[in-house]
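Chains as they are written, first to last, in my numbering: chain R, 9 to 310; chain V, 3 to 187.
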């Protein structure tokens with residue numbers, strides 16, 4: 009189990025590194041293509057920085073509010089509170105705040121920038137369908153996200169991906185305008201070489217946002233496997249989470265009102281918007297979560 | 003400055019930095035072990051507090067199980083008075099077994115099982131039992147890490163110089179994931 013966690017960590021580092029390189033490559037392409045200097049790059053990075061700080065400080069409250077999560081007292085949900093408190097002791101972190109979401113689909117998420125400011129939210133459907141051992145599996149998974157500061161990693165990657173999209177949009181627009189004004193190629197004698205550089209830069213800029221999204225989603229998917237493994241290490245009982253995932257998989261057709269693209273990567277399992285959602289292979293590439301059968305298989309191998 | 007002097011100074015510097023890092027790690031682990039022990043203590047105390055309540059509630063429905071009540075109550079006082087870790091662990095095991103029997107007895111009394119107060123106590127007890135198990139798990143993990151660091155080279159040198167000793171594991175029966183639940187699917 010320790011080896012699996014270690015290799016998951018390595019892959020996550022590689023993916024984040026890939027994201028950084030992508031931002032660098034796009035910046036470089038902009039430098040090649042955009043003669044008017046680094047102004048656009050600076051603006052894009054500034055916006056990305058503001059977005060990061062904003063989501064770092066207030067992201068948890070926004071997410072909880074958008075899911076219509078309600079804080080519950082220990083007297084109201086003694087079982088949930090006991091499970092959360094027990095597993096936080098096992099993880100050696102302060103007990104997160106506990107929320108319940110009025111949704112029928114069994115699901116859960118954790119949020120907060122660090123273990124001292126964290127919250128766990130579960131749906132009413134989850135509380136109804138899970139027994140104690142399964143609930144411990146789910147809460148263990150969410151606490152693993154808290155311990156690993158995954159929400160922070162998610163923010164960093166989402167912001168990097170966002171910066172790539174922003175920069176290439178910026179370039180595309182300014183390039184159109186420059187093209188209309190007919191500045192290009194008038195007093196530069198590069199000819200063929202310049203055209204090739206231009207073409208490479210253009211392809212890079214078109215592909216960059218797509219790559220950025222794929223990186224973002226695969227970080228999220230790696231994180232899910234890692235959290236499964238670590239959650240199982242907290243409860244010392246992988247079948248608990250496996251059984252919970254089986255139940256969640258069986259209920260995957262139940263739609264969630266709170267589901268949207270911006271928060272999909274936070275949930276225990278990707279929420280579906282439509283009745284009886286089923287995914288194709290292309291969709292799988294762009295999905296934030298690994299297929300539930302694969303997660304169950306890995307848990308059973310532990 | 004001759005080359006060999008530079009090399010020697012470099013080695014001394016690296017050794018110093020490594021020593022400081024190991025020392026800090028040892029302090030962090032020792033604090034976590036202490037914190038883990040405090041957590042176990044909090045949860046065990048919580049269980050001591052629950053026992054009289056539970057005994058009273060069950061007594062109201064099953065007064066003739068006197069021996070069982072006495073066993074649990076006696077084990078409780080022994081655990082509270084215990085000095086050594088080993089003695090306490092033994093008494094805690096008796097509490098765990100006694101409580102399990104108590105809850106098993108309760109199964110035979112439908113009115114008791116429907117009692118609101120009993121249900122709340124049962125949830126509290128289950129929650130506390132699992133918190134004891136998790137606190138013990140955390141404590142033993144940290145003890146294992148500390149003892150590994152103290153036992154392995156070169157950190158054992160730093161540990162000996164600053165007087166870090168290995169700690170004792172806390173071995174009690176697992177109340178939640180004992181043999182009764184192995185067959186769960």
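Virtual Cβ for every residue (Gly too), placed ideally from N, Cα, C.
Cβ separation of residue i and residue j, assumed to be a contact under 8 Å, to the nearest whole Å
i, j, result
"residue 142/R", "residue 251/R", "5 Å"
"residue 114/V", "residue 60/V", "7 Å"
"residue 152/V", "residue 45/V", "Not really, about 27 Å apart at Cβ, beyond 8 Å."
"residue 67/R", "residue 131/R", "Contact flag wrong, Cβ pair sits at about 20 Å."
"residue 146/R", "residue 217/R", "In fact, because the Cβ distance is near 34 Å, the residues do not count as touching under 8 Å."
"residue 123/V", "residue 56/V", "5 Å"
"residue 297/R", "residue 229/R", "6 Å"
"residue 137/V", "residue 41/V", "4 Å"
"residue 100/V", "residue 127/V", "Contact flag wrong, Cβ pair sits at about 12 Å."
"residue 32/V", "residue 166/V", "7 Å"
C-beta atoms of residue i and residue j nearer than 9 Å
i, j, result
"residue 117/R", "residue 71/R", "yes"
"residue 121/R", "residue 69/R", "no"
"residue 145/V", "residue 170/V", "yes"
"residue 95/R", "residue 115/R", "no"
"residue 52/V", "residue 130/V", "yes"
"residue 82/R", "residue 101/R", "no"
"residue 93/V", "residue 81/V", "yes"
"residue 148/R", "residue 248/R", "yes"
"residue 84/R", "residue 245/R", "no"
"residue 98/R", "residue 140/V", "yes"
"residue 109/R", "residue 78/R", "yes"
"residue 24/V", "residue 161/V", "yes"
"residue 11/V", "residue 164/V", "no"
"residue 304/R", "residue 277/R", "no"
"residue 264/R", "residue 113/R", "yes"
"residue 125/R", "residue 106/R", "no"
"residue 97/V", "residue 47/V", "no"
"residue 233/R", "residue 306/R", "yes"
"residue 219/R", "residue 25/R", "no"
"residue 203/R", "residue 310/R", "no"
"residue 274/R", "residue 159/R", "yes"
"residue 80/R", "residue 212/R", "no"
"residue 235/R", "residue 302/R", "no"
"residue 156/V", "residue 20/V", "yes"
"residue 104/R", "residue 127/R", "yes"
"residue 231/R", "residue 300/R", "no"
"residue 104/V", "residue 72/V", "no"
"residue 154/V", "residue 91/R", "no"
Cross-strand partners of residue i (DSSP beta bridge)
i, result
"residue 229/R", "BP columns for residue 229/R are empty, so no partner."
"residue 116/R", "130/R"
"residue 109/R", "131/R"
"residue 18/R", "Answer by DSSP bridge pairing: none, since residue 18/R is not bridged."
"residue 169/V", "BP columns for residue 169/V are empty, so no partner."
"residue 275/R", "117/R"
"residue 78/R", "108/R"
Under 7 Å from the C-beta of residue i: neighbouring residues of chain A
i, result
"residue 136/V", "Given the protein chain composition of this structure (R and V), no chain A is represented."
**Study point:** Ordered list of alpha helix (DSSP H) runs contained in the region 121–161 of chain R, each at least 4 residues
**Key:** 132–137, 140–155
**Study point:** Near-chain R residues of the region 12–41 of chain V (beta-carbon distance less than 9 Å), N- to C-terminal order
**Key:** 34, 37, 38, 41
Review point. At what residue ranges does the region 49–135 of chain V contain a whole run of the alpha helix (DSSP H), taking only runs of 4 or more?
Key: 68–83, 87–108, 112–116
**Study point:** Proximal residues, the region 72–89 of chain R versus chain V, C-beta separation under 7 Å
**Key:** 86, 87
Check your understanding: Which residues, in chain order, does the region 231–250 of chain R contribute to contact with chain V at a C-beta distance below 9 Å?
Key -> 242, 243, 244, 245, 247, 248
Review point. For the region 76–104 of chain V, which residues have a CB atom closer than 9 Å to at least one CB atom of chain R, in sequence order?
Key: none
**Study point:** chain R contacts made by the region 138–170 of chain V, where a contact means CB separation under 7 Å
**Key:** 139, 140
Check your understanding: If you measure beta-carbon to beta-carbon, which residues of the region 104–115 of chain V are closer than 9 Å to chain R?
Key -> none
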